[in-house]
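Peer 1:
Number of protein chains: 6
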Amino acid sequence: MTIETATATGTGLSDQARAALSVVSTATLTTQLMDRGLRNTYLEGLGALNPNRRRMVGEAFTMRCIPAREDLDVLSVFQDYDHPQRKAVESVGPGAVLVIDARGQKRAASLGHILATRLLRRGAAGIVTDGAVRDAAGFEALALPTFAAGASPTTNLAQHHVVDMQLPISCAEVAVYPGDIMVGDRDGVICIPRHLAEEVARDAAEQEDLEEFILEQVESGAPLRGTYPPDAQMRQAYRKARSKR
Amino acid sequence: MTIETATATGTGLSDQARAALSVVSTATLTTQLMDRGLRNTYLEGLGALNPNRRRMVGEAFTMRCIPAREDLDVLSVFQDYDHPQRKAVESVGPGAVLVIDARGQKRAASLGHILATRLLRRGAAGIVTDGAVRDAAGFEALALPTFAAGASPTTNLAQHHVVDMQLPISCAEVAVYPGDIMVGDRDGVICIPRHLAEEVARDAAEQEDLEEFILEQVESGAPLRGTYPPDAQMRQAYRKARSKR
Amino acid sequence: MTIETATATGTGLSDQARAALSVVSTATLTTQLMDRGLRNTYLEGLGALNPNRRRMVGEAFTMRCIPAREDLDVLSVFQDYDHPQRKAVESVGPGAVLVIDARGQKRAASLGHILATRLLRRGAAGIVTDGAVRDAAGFEALALPTFAAGASPTTNLAQHHVVDMQLPISCAEVAVYPGDIMVGDRDGVICIPRHLAEEVARDAAEQEDLEEFILEQVESGAPLRGTYPPDAQMRQAYRKARSKR
Amino acid sequence: MTIETATATGTGLSDQARAALSVVSTATLTTQLMDRGLRNTYLEGLGALNPNRRRMVGEAFTMRCIPAREDLDVLSVFQDYDHPQRKAVESVGPGAVLVIDARGQKRAASLGHILATRLLRRGAAGIVTDGAVRDAAGFEALALPTFAAGASPTTNLAQHHVVDMQLPISCAEVAVYPGDIMVGDRDGVICIPRHLAEEVARDAAEQEDLEEFILEQVESGAPLRGTYPPDAQMRQAYRKARSKR
Amino acid sequence: MTIETATATGTGLSDQARAALSVVSTATLTTQLMDRGLRNTYLEGLGALNPNRRRMVGEAFTMRCIPAREDLDVLSVFQDYDHPQRKAVESVGPGAVLVIDARGQKRAASLGHILATRLLRRGAAGIVTDGAVRDAAGFEALALPTFAAGASPTTNLAQHHVVDMQLPISCAEVAVYPGDIMVGDRDGVICIPRHLAEEVARDAAEQEDLEEFILEQVESGAPLRGTYPPDAQMRQAYRKARSKR
Amino acid sequence: MTIETATATGTGLSDQARAALSVVSTATLTTQLMDRGLRNTYLEGLGALNPNRRRMVGEAFTMRCIPAREDLDVLSVFQDYDHPQRKAVESVGPGAVLVIDARGQKRAASLGHILATRLLRRGAAGIVTDGAVRDAAGFEALALPTFAAGASPTTNLAQHHVVDMQLPISCAEVAVYPGDIMVGDRDGVICIPRHLAEEVARDAAEQEDLEEFILEQVESGAPLRGTYPPDAQMRQAYRKARSKR
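Protein chains in written order, with the UniProt record's numbering: chain V, 1 to 245; chain A, 1 to 245; chain P, 1 to 245; chain S, 1 to 245; chain R, 1 to 245; chain Y, 1 to 245.
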């Protein structure tokens with residue numbers, strides 16, 4: 001499959017785009033995406049498990065779950081090292097974000113702490129699931145940004161059956177294609193279609209720099225009129241201020 | 001893929017099993033499934049669009065949708081006769097039931113009346129979706145059992161992107177594997193794992209025959225004690241009554 | 001327990017009140033109840049399974065379910081004729097309505113067709129559940145008003161454990177005390193606290209008679225002003241019209 | 001307010017557009033709207049109360065409800081003929097559709113049968129609410145298309161406070177501006193922005209005529225390829241067939 | 001409009017009431033409101049974004065959103081300094097709380113960090129929305145109590161259209177009239193009808209003083225009997241203790 | 001009632017089991033329960049109010065709420081020291097966990113800070129409710145593990161009527177029988193059926209010890225293959241390492 005190969009070879013993001021995406025906010029990025037006609041890029045309802053490490057950027061590596069069936073999803077299946085979940089974890093490469101389609105169901109977990117630790121060791125950039133994770137205390141202490149819909153102690157087999165990986169999926173009702181760029185911060189997680197990542201990163205950095213200037217003006221007491229959005233005079237003041245840096 | 005081939009070749013159900021499944025109720029079938037440890041076989045929340053043709057039996061042919069993306073899912077994609085949705089419809093064989101994973105989202109439809117008509121012509125046995133269908137009036141008049149979570153006039157592109165077919169899916173939070181047996185009646189739709197279909201069909205027919213006898217007794221005023229479940233005496237009366245048929 | 005005994009002895013409703021409650025609408029009754037400070041008497045979300053027999057009046061006989069547990073709720077428990085569900089059904093008396101607290105969960109049924117048939121034979125006046133019933137086709141053909149949140153083929157043991165009867169319960173987030181009066185019609189089911197039933201029945205009959213008169217005026221083209229609510233002149237016309245009957 | 005006046009004077013739809021909108025399906029109309037970039041025009045979740053009279057077309061007359069407050073929303077307020085709800089009903093003109101913002105709350109009704117009868121007498125074209133109506137049996141017998149999220153016997157005062165009319169509102173999470181064109185059929189209700197109504201009506205009529213032809217071909221056994229969408233040859237056949245009419 | 005003027009002139013709360021409302025808990029206040037027949041004064045589901053500044057008191061300044069429409073709600077509308085959202089922000093006066101009706105929808109934000117900063121500069125007392133805010137990290141650092149249903153990076157235009165201000169609204173299914181008193185603390189936000197604010201403030205302060213005394217007794221090991229609620233003896237002890245302060 | 005007595009006499013857990021349950025994670029415990037066929041033991045959706053004291057173990061003491069009725073649930077009922085809620089609190093013994101069936105409704109609280117303080121003084125081991133608590137700030141400061149679905153300032157009477165205690169209940173859609181063992185940690189709360197507690201505690205301690213060893217290996221860079229689950233060689237390494245302790 002073409003998509004999968006592309007991901008594997010990881011031509012990936014330019015260093016410049018990755019750098020920009022590591023600092024601009026998801027708020028700025030969604031505005032850039034909306035400007036390009038995309039209104040549904042935010043994975044609503046997912047929170048950061050480790051608040052001090054919630055800044056995340058990386059290519060999506062997708063994994064899909066369907067509901068468990070009592071005769072298929074029994075504890076003994078984990079004896080198989082090639083169980084799809086195990087296999088997926090051992091396929092995630094450096095800089096990638098494991099994105100799990102758990103159908104928004106969180107009565108049972110969709111990933112646990114030991115597998116997350118393995119992902120960290122493999123160089124993964126983060127974890128995103130619209131389900132739950134188990135052993136949340138372990139995640140809190142792990143140096144791997146993780147965004148989930150909740151925590152649940154119950155093993156995934158009670159509700160989920162990992163069926164395949166690297167196919168386009170739904171996560172929190174947003175389409176995620178393998179290789180798309182996932183970005184996370186305090187507001188949550190967004191998905192940037194791969195082909196837009198470079199230009200969105202560039203324009204977002206510019207937008208954010210201007211908005212920081214605007215914020216300073218508003219903090220100093222400037223009214224919205226003339227300031228937000230900036231009129232010609234304010235834009236000139238901005239350019240002047242930035243030229244001094 | 002082995003599963004897909006198996007479906008294609010359609011060794012299918014024995015005539016006897018198919019005949020039994022065409023008359024026994026989904027209520028009886030779920031009891032047989034629960035007796036085998038399966039508690040989650042009912043696709044909750046789907047209703048019959050054509051109440052007079054709600055009895056349905058057939059092998060599952062699966063189709064999966066992820067959320068639409070505004071730049072990919074535009075009306076012009078339908079110009080492609082190999083668009084996954086069209087291709088899936090033209091792949092459903094005689095006696096099969098098209099089962100759609102629409103993530104339970106019904107703001108837009110997951111299938112329309114023209115495609116359903118094509119399915120009927122191809123000999124399909126039914127349609128099941130956990131999303132909506134459009135032009136419900138057309139479905140009401142169509143001789144094809146259809147179970148859906150609702151109706152919506154909006155074309156699927158506004159919310160859905162058909163991505164693949166004949167993979168295991170979730171439908172109404174039940175696992176459906178290609179080739180599983182879908183059965184529908186007034187209570188809704190259930191999914192019988194393929195390997196259990198023959199024995200479940202046989203045992204369900206027996207159970208239902210007994211329960212009809214019990215119902216007659218209760219209708220005649222018999223108390224539950226001794227009758228439901230039947231004690232030794234009642235079972236003897238049953239065998240005697242049946243031997244006369 | 002006092003309440004239980006009171007129900008058992010069934011001093012019940014006066015014939016006059018029962019007659020009135022058999023014809024006035026639930027719309028009128030809820031207005032009478034709101035006039036007495038009760039705003040939460042409607043069991044939202046329950047529909048009639050047998051549309052031609054949806055008029056229902058009777059004293060509540062309550063039954064409570066908690067979630068099933070896999071080791072306790074197995075098919076063999078039904079071998080016990082004193083299983084709480086069976087016992088409850090055999091305890092419902094003539095004119096009573098079986099009201100089931102199913103916690104609003106309808107993935108599995110909370111009652112089936114055979115037990116409902118037994119209730120009919122025992123003289124029950126109806127069934128109300130905030131869960132589902134199974135074999136809905138059977139219910140449709142049964143001469144027993146039944147209101148439920150849905151249909152499900154799955155046996156109650158998959159989700160419900162009947163634990164006791166004739167205790168105060170929640171049904172569709174309304175408090176139902178044993179002996180309260182349940183009334184059902186096209187708009188659904190309401191619960192009238194026992195001690196208010198006589199006066200509410202009387203006042204509702206009066207209100208409804210007046211509103212029928214008003215409706216006739218509006219149908220004849222009268223504007224709301226002066227008519228709804230009726231001013232002094234309209235009230236006089238009403239009395240005059242009624243005196244002729 | 002300009003919008004309100006425009007509605008009052010009712011320059012309204014052209015006869016041609018109104019005629020077209022009276023026969024084309026909401027399915028066709030939403031496709032036309034999506035072609036113009038509008039993906040959220042369907043009021044999900046509303047059903048027709050009077051199935052035999054569910055075809056509806058008319059200009060929106062909006063009414064807004066906020067939650068009730070126990071001290072303000074008491075039964076005596078209805079003594080005031082200028083109560084906003086009564087006033088709104090007496091302001092709806094011929095051909096208009098009363099559209100109610102009930103915040104999707106249906107524990108209590110947002111309109112009753114007597115007021116609906118008055119609307120019918122005033123020449124209204126229909127009623128749309130994302131809440132409930134009371135005395136649904138009355139609505140079933142009324143010659144006025146009514147679409148609602150449900151039925152509830154409880155008077156609106158228990159949950160709703162009508163606060164104003166003819167302001168832009170939300171109904172079932174769709175923006176409805178006074179004067180927009182509401183169309184209803186078996187699939188439910190859609191809202192066409194006023195300024196697009198003429199062109200959408202025209203193009204929808206054309207689209208539907210073509211799709212009827214396509215449907216005939218599919219019914220006759222034509223495969224999707226070449227037929228749906230129609231290729232050059234099929235379009236020629238269509239034109240030829242239509243020229244004969 | 002009378003209400004609006006009254007708010008504008010801002011006769012406002014007495015200093016005494018404001019002082020009391022700044023220290024008593026929302027728990028005590030809702031009890032006082034329930035004692036006056038008001039059971040629905042709590043805006044369920046809203047959390048404080050800046051936990052260290054979650055104590056809030058102020059008059060409600062309302063703003064209403066309806067769903068966005070793709071052709072109206074485009075990024076360029078923000079070029080207009082008189083856009084309703086901007087105008088509302090520049091109309092909020094010192095001591096007021098901006099209360100936003102976002103219909104409980106939080107896929108997109110209903111307010112961002114720059115506008116919140118402007119509100120702070122204008123002397124606003126807080127922000128309440130039943131939708132989301134964007135750039136939550138900015139809010140966390142802002143000295144302005146803010147209660148929201150969640151965070152979302154997406155600009156409000158993707159889902160919301162600000163339509164008017166200072167009209168009665170619904171916020172989290174509670175009626176909020178301009179000028180009502182909004183109070184927030186760890187338990188969330190409540191709305192006190194304007195005309196009850198003075199007496200509720202006074203009685204709540206008294207109640208809370210007594211409950212603090214009771215809590216001390218319970219902490220010291222006193223049983224509920226005699227203590228909570230306090231009997232005559234305990235009330236005497238309370239008065240004695242307080243007389244010493 | 002036998003169950004109640006058993007609880008009262010509190011033969012309780014062995015010291016060894018209690019010690020084990022005080023350190024093993026709920027994640028490990030649910031795996032042990034699933035291994036015994038129990039898939040629904042986790043009370044989804046409840047969070048710890050006092051994050052620093054979220055480790056909890058104790059026998060369930062159950063309390064049940066039904067919806068409030070305006071005429072029964074008035075503030076004056078609290079004058080009765082034998083009000084069921086007060087009585088239940090004064091019946092909870094040392095080491096027990098008060099588990100409240102609040103039907104998942106959290107618009108009003110199901111318990112307040114003063115009663116919780118009393119429970120602490122009585123030696124209770126914790127509080128679990130699928131509803132809300134009021135005065136959450138007080139709970140945060142209380143040395144009593146408390147798990148709830150949310151916070152609400154509103155007194156329980158506005159929505160709840162405490163009806164009985166020590167009956168089997170539903171809490172967050174899990175069956176809880178009096179005397180069952182409740183365990184809470186960062187992932188939330190689980191319920192262990194009483195008769196399984198000893199063996200589950202023992203096996204969980206063993207499992208957890210092994211998983212700690214596995215985690216160390218994964219942290220050191222070991223791949224999943226051979227490590228998780230451990231193959232024969234890894235198990236030997238584990239035994240060797242443990243023998244040195």
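Think of the CB as a built atom: it goes at the ideal place given N, C-alpha and C, for glycine as much as any other residue.
I'd like to check one pair, A68 (chain Y) with Q159 (chain Y): are the Cβ atoms closer than 8 Å?
Peer 2: Yes, they are a contact pair.
Peer 1: Classify E212 (chain S) as buried or exposed, calling it buried when 16 or more other Cβ atoms lie within 10 Å of its own Cβ.
Peer 2: Answer is exposed; the Cβ neighbour count stays below 16.
Peer 1: How do the stretch 81-96 of chain S and the stretch 216-235 of chain P stand: do at least 3 beta-carbon pairs fall below 8 Å, yes or no?
Peer 2: Counting Cβ pairs under 8 Å, three or more are found: they touch.
Peer 1: Could you tell me the alpha carbon to alpha carbon distance between V163 (chain S) and D73 (chain V), rounded to whole angstroms?
Peer 2: Taking the straight line joining both Cα atoms gives about 55 Å.
Peer 1: Considering only DSSP beta bridges, list what V218 (chain P) is partnered with.
Peer 2: V218 (chain P) is not bridged to any residue.
Peer 1: Along chain A, which residues have their Cβ under 7 Å away from the Cβ of R89 (chain P)?
Peer 2: Reading the sequence as shown, one finds Val at residue 89 (chain P) and not Arg. Near V89 (chain P) (Cβ distances below 7 Å), the residues of chain A are L224.
Peer 1: Spatial neighbours of L21 (chain V) within its chain, please: CB distance less than 6 Å, with the 5 preceding and 5 following residues excluded, ordered by chain position.
Peer 2: Excluding positions up to five away in sequence, the list reads V57, V183, A201.
Peer 1: Express the C-alpha separation of D209 (chain S) and R186 (chain S) in angstroms, rounding to a whole number.
Peer 2: Near 19 Å, if we compare the C-alpha coordinates of D209 (chain S) and R186 (chain S).
Peer 1: Helix, strand or coil: which one does DSSP assign to S243 (chain P)?
Peer 2: Three-state result, S243 (chain P): helix.
Peer 1: Which same chain residues end up closer than 6 Å to D130 (chain P) when comparing Cβ atoms and leaving out the 5 residues on each side of it in sequence?
Peer 2: Only A102, G104, A149, C171, A172 meet the Cβ criterion.
Peer 1: Ignore the nearest five residues each way along the sequence and tell me which others in L49 (chain Y)'s own chain have a CB closer than 7 Å to its CB.
Peer 2: Only V133, A136, F139, E140, T146, A148 meet the Cβ criterion.
Peer 1: Show which residues of chain V have a CB atom less than 9 Å away from the CB atom of G37 (chain A).
Peer 2: Neighbours of G37 (chain A) on chain V, chain order: E70, D71.
Peer 1: Just curious, the beta strand (DSSP E) that G126 (chain A) is in, first and last residue?
Peer 2: From DSSP, the beta strand (DSSP E) with G126 (chain A) extends over 126-129.
Peer 1: Select from Y:A151, Y:L167, Y:E216, Y:S220 the residue whose C-alpha is nearest the C-alpha of L46 (chain R).
Peer 2: Minimum Cα distance to L46 (chain R) is reached at Y:A151.
Peer 1: Mapping DSSP to helix, strand and coil, what is R54 (chain P)?
Peer 2: It is coil, neither helix nor strand.
Peer 1: Determine whether the beta carbon atoms of C191 (chain R) and A109 (chain R) lie at a separation below 8 Å.
Peer 2: Contact: no.
Peer 1: Return helix, strand or coil for E70 (chain S), following the three-state DSSP convention.
Peer 2: It is coil, neither helix nor strand.
Peer 1: Between the beta-carbon of R118 (chain R) and the beta-carbon of V218 (chain V), is there less than 8 Å?
Peer 2: Yes, the pair counts as a contact, with Cβ atoms nearer than the cut-off.
Peer 1: Looking at chain Y, is there any beta carbon in it that lies within less than 8 Å of the beta carbon of E163 (chain P)?
Peer 2: A small correction: the amino acid at residue 163 (chain P) is Val; Glu does not occupy that position in the sequence shown. Yes, V163 (chain P) counts as interfacial toward chain Y.
Peer 1: Leaving out five residues before and five after residue 247 (chain R) in sequence, what residues of the same chain have Cβ atoms less than 6 Å from its Cβ?
Peer 2: Here chain R has residues from 1 to 245 only, and residue 247 (chain R) is not among them.
Peer 1: Is DSSP giving G37 (chain A) helix, strand or coil here?
Peer 2: Coil, per DSSP.
Peer 1: Kindly list the residues whose CB is nearer than 7 Å to the CB of V92 (chain A), restricted to its own chain and excluding five residues on each side of it in sequence; keep chain order.
Peer 2: Excluding residues within five positions, the ones whose Cβ falls inside 7 Å are F61, L98, L119, R122, A124.
Peer 1: So, are the CB atoms of T154 (chain S) and T28 (chain P) less than 8 Å apart?
Peer 2: Contact: no.
Peer 1: Just the C-alpha distance for R36 (chain A) and L157 (chain P), rounded to the nearest angstrom, thanks.
Peer 2: So the alpha carbons of these two residues sit roughly 14 Å apart.
Peer 1: In the DSSP assignment, find the unbroken alpha helix (DSSP H) run with D135 (chain S) in it and report its ends.
Peer 2: Neither: D135 (chain S) is in no alpha helix (DSSP H) and is coded neither H nor E.
Peer 1: Please list the partners that V218 (chain A) has in chain P, where partner means a Cβ-to-Cβ separation under 8 Å.
Peer 2: The answer, in chain order, is I114, T117, R118, R121.
Peer 1: Under the DSSP definition of a beta bridge, which residues are partnered with G188 (chain V)?
Peer 2: G188 (chain V) pairs with V:D185.
Peer 1: Comparing C-alpha positions only, which one of A:R107, A:D180, A:A204, A:C65 sits nearest to A19 (chain A)?
Peer 2: Closest by alpha carbon: A:A204.
Peer 1: What separation, rounded to the nearest whole angstrom, lies between the Cα atoms of A143 (chain R) and R53 (chain R)?
Peer 2: A143 (chain R) and R53 (chain R): Cα-Cα distance of roughly 7 Å.
Peer 1: Tell me the residue span of the beta strand (DSSP E) that contains T146 (chain R).
Peer 2: First-last of the beta strand (DSSP E) with T146 (chain R): 146-148.
Peer 1: Taking Cβ-Cβ distances shorter than 8 Å, what residues in chain V pair up with residue 261 (chain Y)?
Peer 2: As shown, chain Y starts at 1 and ends at 245. That puts residue 261 (chain Y) outside it, with no answer to give.
Peer 1: Is there at least one Cβ from chain A nearer than 8 Å to R107 (chain V)'s Cβ?
Peer 2: Judged by the 8 Å Cβ criterion, R107 (chain V) is not in contact with chain A.
Peer 1: Does the beta-carbon distance from V128 (chain A) to I100 (chain A) come in below 8 Å?
Peer 2: Result yes, Cβ atoms of V128 (chain A) and I100 (chain A) sit closer than 8 Å.
Peer 1: According to DSSP, is R225 (chain P) helix, strand or coil?
Peer 2: Looking at R225 (chain P) - three-state DSSP - the assignment turns out to be coil, as it is neither helix nor strand.
Peer 1: Any beta carbon of chain A sitting closer than 8 Å to that of A204 (chain S)?
Peer 2: It does not; no Cβ of chain A falls within 8 Å.
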